[in-house]
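K.L.:
Below are the C-alpha cells for one structure; questions will follow.
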Amino acid sequence: MEWLANLGKSTLDRFAAVGRASYVLAGSLIAVPQLKNVPLTIKQMYVVGVQSLSIIMVSGLFIGMVMALQGYTILVDYGAEGSLGPMVALSILRELGPVVTALLFAGRAGSALTAEIGLMKATEQLSSLEMMAIDPLRRIVAPRLWAGLLSMPMLTVIFSAVGILGGHLVGVEWLGVDAGSYWSIMQSTVEWNADVMNGVIKSIVFAFVVTWIAIFKGYDSVPTSEGISAATTQTVVYSSLAVLGLDFVLTAIMFGIE
Amino acid sequence: MPNETNIEYHVSITTGNSEFLVKNLIEIESLSFKRGERVIYDNISLQIPAGKTTAVMGPSGIGKTTLLKLIGGQLRPDAGDIKFKQESIPSMSRSRLFKVRRQMSMLFQSGALFTEMSVFDNIAYPLREHTQLSEALIETVVLMKLQAVGLRGASKLMPSELSGGMARRAALARAIALDPELIMYDEPFAGQDPISMGVLVKLIKELNNALNLTSVVVTHDVTEVMSIADYVYILADKRIIGAGTPEQIRQSDSDLVQQFLQGKADGPVPFHYPANTLEQEFMGAN
Ligand SMILES: Nc1ncnc2c1ncn2[C@@H]1O[C@H](COP(=O)(O)OP(=O)(O)OP(=O)(O)O)[C@@H](O)[C@H]1O
Ligand SMILES: [Mg+2]
C-alpha cells in the first residue's frame, strides 16, 4: 500500500515541478520587451555562446573527420567514394550537428547556468533583488534564457560548417577523393529546406529545451552546496535525455515515411 | 524632557491607541508561522512605529530573520496579518507587493552583494533600476553612501575581495542607497570591530533622525542597540517575552528578559534547539 502512496506523491511532485517550470518560463519570456535586458542578454550571449565556441569548433572538426574516415572505408568497397560529400554533409546537417551541439551545450553552458543561478539563490542574491522590487526572473533568468535560445542555433550552424570542412580535410586532402565531386555532389544532393533548415529547426527546439531545463534547475535548486551540485547534474542528465528523445520525435516528423 | 516623551510614547503603544500619538508603519496582528512542523511564531502581535528605531532581539534561531522576511512579503504567515501603512502585505498581489517594496529595504544577514559586479555597481544597482538619475548624479550618491560606511576607497573592488565586515558595510550602503521609508537591518553589527561598530550605530541613528526613516534592527549586541533604539522587542519561545523602551527593558522584572540581557545560559529562555533530553538521546542509542 505504501508504494501506491509514494507513487501518488512522486507523481504529484512531478506535476508541481512542471507547474513551477512553466511559471519560470512564463515569468522570464514575458520580459522580452524590456530595453534594459538587451545589454544583459548580449553579455550572456558572450558567456554561453562565445565561450562555447572553441569546444564546438574542435568537436565539429573531429566529428567531420571521423565521418569522412568511416564513410570512405564503407563507400570505397562499392566504388562510391564520390558520394562521400553528401554522406558527411547530410549526417552532420540533419543529425550530428544539432544533437552533438546540444549535448555539448548542455554540458558546457547549461550546467554553468544552473550552478550560477543556484548559487545566486543560495547566497540570497535573488531574495535581495526581490526585496529591491526587482523581479529576478526578468533581470537574471530572462537574459540567460534568451542568450541560450539565440546562441545555440548559431553554434549548430558553426559546428556543421566546421564538420563539413573536417570531412573535406580527411576525405579530399588525405584519402584523395576528388574535390570536385566532394563539393558538387554535395551541392546537388543537400536541399536547403529539407536538410539545412530542418537541422536548424531541430537546434532551435533543443536550445529551448536545454536552456529551459538549465535555468529552471538553477532557480528551483535547494540552496545548499549539495542542492546545487545535484541540480547541475540533473541539468546535464535531463537535457541530454530530452535532446535524444526529442531528436527521435523530430526526425520521425521531418524525415519519416512520406 | 526626553524622559517624558518616552513615557508618552510607551503609553501610546501599550494602550493600542497608537493613532493618537505615534503612527505605526507596520502592525503585526496575531501572527502565526510554521516552518514544516516547527512552530516559529505562535500568535504574536507587535507594532513598528513610524520614524523610530525598533530593535528586535532574541536568541539565535528564534526567527528574527523570518520575521523580517514576513514583513517583506517573502514568506506568508499561516495565520494573522501584517500591515504596512494599514495595507495587508500577505494579501497583496505580486505587482502591488513590488510597488510597496520600493518603500522598504533590507540588509540581509549574509550581505547578499551581487558577486558579478563591483562594490560601486552594487550600490548603484537599485538607483539605476528605480530612478532616472544621470550617471554623474548616481556616482555622487554612491560615493556618498560608501563614504558613510567608510568604504569609498573600496568602490572598485569586487565583493569577493572584501572581508566579511566590509561586505556587510557595503551591503548596508546598498540598503540605504534609495533612502527608503523603512530599513530592516539583519545583524548590521556582526563582524565589525569596535570602531566600525560605533560608526554604524551612529549612521543608523542619523539616518533615522535626519531622514525620519523607520528602522528595524535585528541584533544580538544588547548595549549598542539599547543606545539607539526607541523601542525594543525581545523574542523567545515563539512569542514576545519583553517589550518596551530600553529603559523599561533594563528595569524589567521579568526573569526571561533579565536572563537575555545578562547572557546567562541557565534560566527560563532555552539555549538549546528543541530536542529530547540528553538521557533519552544516549539511552536511545543503546
Ligand atoms: N529555509 C528554511 N527551511 C526550514 N526551516 C528554516 C529555514 N530557514 C530557517 N529555518 C528555521 O527557522 C528558524 C528561525 O530561523 P531564523 O533564520 O529566522 O532565525 P534567527 O532568529 O534569524 O537566528 P540568527 O540569530 O541565528 O540569525 C530556525 O530554527 C531555522 O531552523
Ligand atoms: Mg537571522
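For the record, the sequence lines run as chains C and F. Using numbering that gives the first Met the number 0, the letters of the first sequence correspond one by one to residues 0 to 257. Using numbering that gives the first Met the number 0, the letters of the second sequence correspond one by one to residues 0 to 285. All residues carry an ideal CB built from backbone N, CA and C; glycine is no exception. A quick note: this is a predicted structure, and the numbers were derived from the prediction, not measured.
1) From Ala78/C to Ala67/C, what does the alpha carbon distance come to, in whole angstroms?
2) Going by Cα to Cα distance, which pick from Tyr232/F, Met105/F and Leu112/F is closest to Gly243/F?
3) DSSP three-state label for Met66/C, please.
4) Within this structure, are the beta carbons of Leu69/F and Ile122/F separated by less than 9 Å?
5) Gly110/F: buried (16+ other C-beta within 10 angstroms of its C-beta) or exposed?
6) Alpha carbon to alpha carbon, how far is Ala193/C from Arg107/C?
7) My guess is that Lys155/F and Phe119/F are in contact by the Cβ rule of under 8 Å, so how many angstroms apart are they, rounded?
8) Do we get a CB-CB distance below 9 Å when we pair Lys35/C with the residues of chain F?
9) Less than 9 Å between CB atoms is the rule here; does Lys68/F satisfy it with respect to chain C?
10) Within its chain, find whatever has a CB closer than 6 Å to the CB of Asp236/F; leave out the 5 residues flanking it on each side and keep chain order.
11) How far does the beta strand (DSSP E) with Leu234/F in it extend, from its first residue to its last?
12) What whole-angstrom Cβ distance do Val195/C and Leu92/C have, given they're in contact under 8 Å?
13) DSSP three-state call for Ser117/F: helix, strand or coil?
14) Can you have a look at Phe281/F and say buried or exposed, based on whether 16 or more other CB atoms are within 10 angstroms of its CB?
15) Look at the alpha carbon of Asp229/F and the alpha carbon of Ile39/F, and state the distance between them as a whole number of angstroms.
16) Straight-line CA distance for Leu164/C to Phe215/C?
17) Going by beta-carbon coordinates alone, are Gly96/C and Gly198/C separated by less than 9 Å?
18) Can you confirm whether the segment 125-138 of chain C touches the segment 169-185 of chain C when touching is taken to mean that 3 or more C-beta pairs between the two stretches lie within less than 8 Å?
19) Since Val99/C and Phe158/C are thought to touch, with beta carbons under 8 Å apart, how far apart are those beta carbons, to the nearest angstrom?
20) Should Val217/F be listed as close to ligand 2, given that the test is whether its C-beta is under 8 Å from any heavy atom?
21) Under a Cβ-count criterion, where at least 16 other Cβ atoms within 10 Å of its own Cβ denotes burial, should Thr13/F be classed as buried or exposed?
22) Would you kindly report the start and end of the unbroken alpha helix (DSSP H) that includes Val5/C?
23) Quick check on DSSP: helix, strand or coil for Ala297/F?
24) So is Met165/F in contact with chain C if we call contact Cβ pairs under 9 Å?
25) If we count the other Cβ atoms within 10 Å of its Cβ and call it buried at 16 or more, is Ile252/C buried or exposed?
26) For a contact meaning CB atoms closer than 7 Å, what does Met282/F contact in chain C?
27) Check the C-beta distance from Ala166/F over to Leu112/F and give it rounded, since I have them as a contact under 8 Å.
28) Per DSSP, what kind of secondary structure is Phe83/F in: helix, strand or coil?
29) Apart from the five residues just before and just after Glu172/C, which ones in its own chain have a Cβ nearer than 6 Å to its Cβ?
30) Please state whether the Cβ-Cβ distance between Gln102/F and Pro193/F is less than 9 Å.
31) Helix, strand or coil for Val189/C, going by three-state DSSP, please let me know.
32) In the DSSP assignment, what are the bridge partners of Gly243/F?
33) CB-CB under 6 Å to Gly170/F, same chain, minus the five flanking residues each way: which ones, in chain order?
34) Once the 5 residues before and after Ser82/C are set aside, which same chain residues still bring their CB inside 7 Å of it?
35) Applying the 10 Å Cβ sphere with the 16-neighbour rule, what's the burial state of Arg168/F?
36) Given a threshold of 16 other Cβ atoms within 10 Å of its Cβ, counted over all protein chains shown, does Glu86/F qualify as buried or as exposed?
P.N.:
So, from the data block:
1) The question names Ala, but residue 78/C is Gly in the sequence shown. Cα atoms of Gly78/C and Ala67/C: separation of roughly 15 Å, rounded to the nearest angstrom.
2) Considering only alpha carbons, the answer is Tyr232/F.
3) DSSP places Met66/C within a helical segment (H, G or I) once states are collapsed to three.
4) Contact flag unset, no.
5) Buried, since its Cβ has 16 or more Cβ neighbours within 10 Å.
6) Ala193/C and Arg107/C: Cα-Cα distance of roughly 29 Å.
7) Rounded, the Cβ-Cβ distance is 7 Å, consistent with contact.
8) Taking CB atoms only, Lys35/C has a neighbour in chain F less than 9 Å away.
9) Under the 9 Å criterion on CB atoms, Lys68/F is classed as interfacial with respect to chain C.
10) Within the same chain, no residue comes within 6 Å of Asp236/F by CB-CB distance, once the 5 residues on both sides are set aside.
11) Note, Leu234/F: beta strand (DSSP E), Tyr230 to Ala235.
12) Indeed, because the Cβ distance is near 6 Å, the residues count as touching under 8 Å.
13) Coil, per DSSP.
14) Phe281/F sits exposed, since fewer than 16 C-beta atoms from the chains shown fall within 10 Å of its C-beta.
15) Distance from the CA atom of Asp229/F to the CA atom of Ile39/F, rounded to whole angstroms, is 25 Å.
16) In a straight line, the C-alpha of Leu164/C is about 36 Å away from that of Phe215/C.
17) Yes, they are a contact pair.
18) Too few Cβ pairs lie closer than 8 Å, so no.
19) The pair is a contact, with the Cβ atoms about 7 Å apart (cut-off 8 Å).
20) Within 8 Å of the C-beta of Val217/F there is at least one heavy atom belonging to ligand 2.
21) With a pLDDT of 44 at Thr13/F, under the threshold of 50, the predicted position of this residue should be treated as unreliable, though the coordinate-derived value follows. A residue is called buried once 16 or more other Cβ atoms fall within 10 Å of its Cβ, and Thr13/F, having fewer, is exposed.
22) First, the amino acid is wrong: residue 5/C is Asn here, not Val. Asn5/C: member of the alpha helix (DSSP H) spanning Glu1 to Leu28, first to last residue.
23) Here chain F comprises residues numbered 0 to 285, so residue 297/F is not present and cannot be evaluated.
24) No, its Cβ sits nowhere closer than 9 Å to a Cβ of chain C.
25) Label assigned to Ile252/C: exposed.
26) Within chain C, no residue comes near Met282/F; the closest Cβ sits about 30 Å away, beyond 7 Å.
27) About 6 Å separates the beta carbon of Ala166/F from that of Leu112/F, a gap short enough to meet the 8 Å contact definition.
28) Strand, per DSSP.
29) Same-chain partners within the cutoff: there are none.
30) No, the Cβ-Cβ distance between Gln102/F and Pro193/F is not below 9 Å.
31) The three-state reading of DSSP puts Val189/C in coil, since its state is none of H, G, I, E or B.
32) Looking at the DSSP assignment, Gly243/F forms a beta bridge with Val231/F.
33) It should be pointed out that residue 170/F corresponds to Ala in this sequence rather than to Gly. So the qualifying residues of the chain are Leu106, Gly110 and Leu112.
34) The answer, listed in chain order, is Leu74 and Ile184.
35) When all chains shown are included, Arg168/F counts as buried.
36) By the Cβ-count criterion, Glu86/F is exposed, with fewer than 16 other Cβ atoms from all chains shown falling within 10 Å of its own Cβ.
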